[in-house]
Amino acid sequence: MANVTVTIGKVDVYFPEIDNKDYWIYEDFAELFSTETTVEAVRLLKKEIKQAGIKGRIIIDDEADGASISTRKGEIMLAVVMLINQLIDVSFSHDEQVLQEIKDRMKKHKVPKAQSFEIGNILAIPLRNNQYGPAQLIEINQNYGLVCLFFDGAYASIEEMKREMKLTRENVFAGATFSDTSVLNYSFQVVDREREIIGKVIHNGRRNRLVEEILADVSVIELLEDRINGTVNEELEYNMRKLKYIEWL
């Protein structure tokens, strides 16, 4: 699901979404303000926000290459962004009609409803060649995330995947855990809610690498792509070995 954004001057404003309820921006403020470091730029910005009388909950997190600013209130974000543009260029001005349209858009914006999921669901993992690979959710772990099994096969569309996927034990090639964010925001779509799990996690009190090691979304996608492309590497083989933590049903 694509993020909703609006550009005001030099700044892109991101609207609240399923996994982030704030309006937020991320910029290289050292470059924008022509300061030596991000710390200096953030210090300047905080001072100017205070002097401008902009009040409310504003979170500013600085990193080496930039800083993020977030707030729940659209009008506060709008005031901060206007100030940032004026600090970049003192002559900055914005068309009042366009500004009003942005305000109206912020008032009407609703955070999309999160995708629901449960154990047994089949997920479509989107690959970078516009194909899809199937996975089954076999455990929802409150401490670590979603534990899934991954199946062989790549499909040109979700409809094709639903028709032709082979969800058998023999077709499982690896297992891994990842954050629920990618499912909540529809990046990994639920395409079948009627399946029984084909295996469950073995919990025996010992360290369980299948559950406790969390993969980033991009790593999940790369895992499926490597399998499809016949690429043998350490990461793929490592996640294939995690199937030893599965009891087949």
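Whatever position you read off the sequence shown (first residue = 1), add 25 for our numbering.
Here a beta-carbon is modelled for each residue, glycine too, at the ideal position from N, C-alpha and C.
On a predicted model such as this, the values are computed, not experimentally measured, just so you know.
Could you give the C-beta distance for residue 91 and residue 60, rounded to a whole number, given that I count them as a contact under 8 Å? Actually they are not in contact, since the Cβ atoms of residue 91 and residue 60 sit about 12 Å apart, beyond 8 Å.
Looking only at C-alpha atoms, which of 43, 139, 105 sits nearest to residue 301? Beyond the ends of the chain as shown, which are 26 and 274, falls residue 301; an answer cannot be given.
Quick check on residue 274: buried or exposed, where buried means 16 or more other Cβ atoms within 10 Å of its Cβ? exposed
Inter-residue spacing [alpha-carbon to alpha-carbon] between residue 54 and residue 67: 7 Å
Does the region 185-194 touch the region 163-171, meaning 3 or more C-beta pairs lie closer than 8 Å? no
In the DSSP assignment, the beta strand (DSSP E) including residue 215 goes from what residue to what residue? 214-217
Among 56, 31, 272, the one whose alpha carbon lies nearest that of residue 174: 272
With a Cβ-Cβ cutoff of 8 Å, do residue 150 and residue 58 count as a contact? no
Euclidean distance between Cα positions of residue 116 and residue 110: 9 Å
Paired residues, beta bridge with residue 157 - DSSP: 151, 180
What residue range is occupied by the uninterrupted beta strand (DSSP E) comprising residue 96? 91-96
Measure the C-alpha to C-alpha separation of residue 292 and residue 209 and round it to an integer number of angstroms. Nothing can be reported for residue 292, as the shown portion of the chain is limited to 26 through 274.
Just to confirm my understanding: we take residue 202, look at its own chain, exclude 5 residues before and 5 after, and list those with CB closer than 6 Å. What are they? 169, 170, 172, 236, 239
If I follow the unbroken beta strand (DSSP E) through residue 197, where does it start and stop? 197-203
For the putative contact between residue 33 and residue 127, defined by C-beta atoms under 8 Å, what is the C-beta separation to the nearest angstrom? 7 Å
Assuming residue 194 contacts residue 145 under a Cβ cut-off of 8 Å, what Cβ separation, rounded to an integer in Å, is found between them? Their Cβ separation, rounded to whole angstroms, is 15 Å, which puts residue 194 and residue 145 out of contact at 8 Å.
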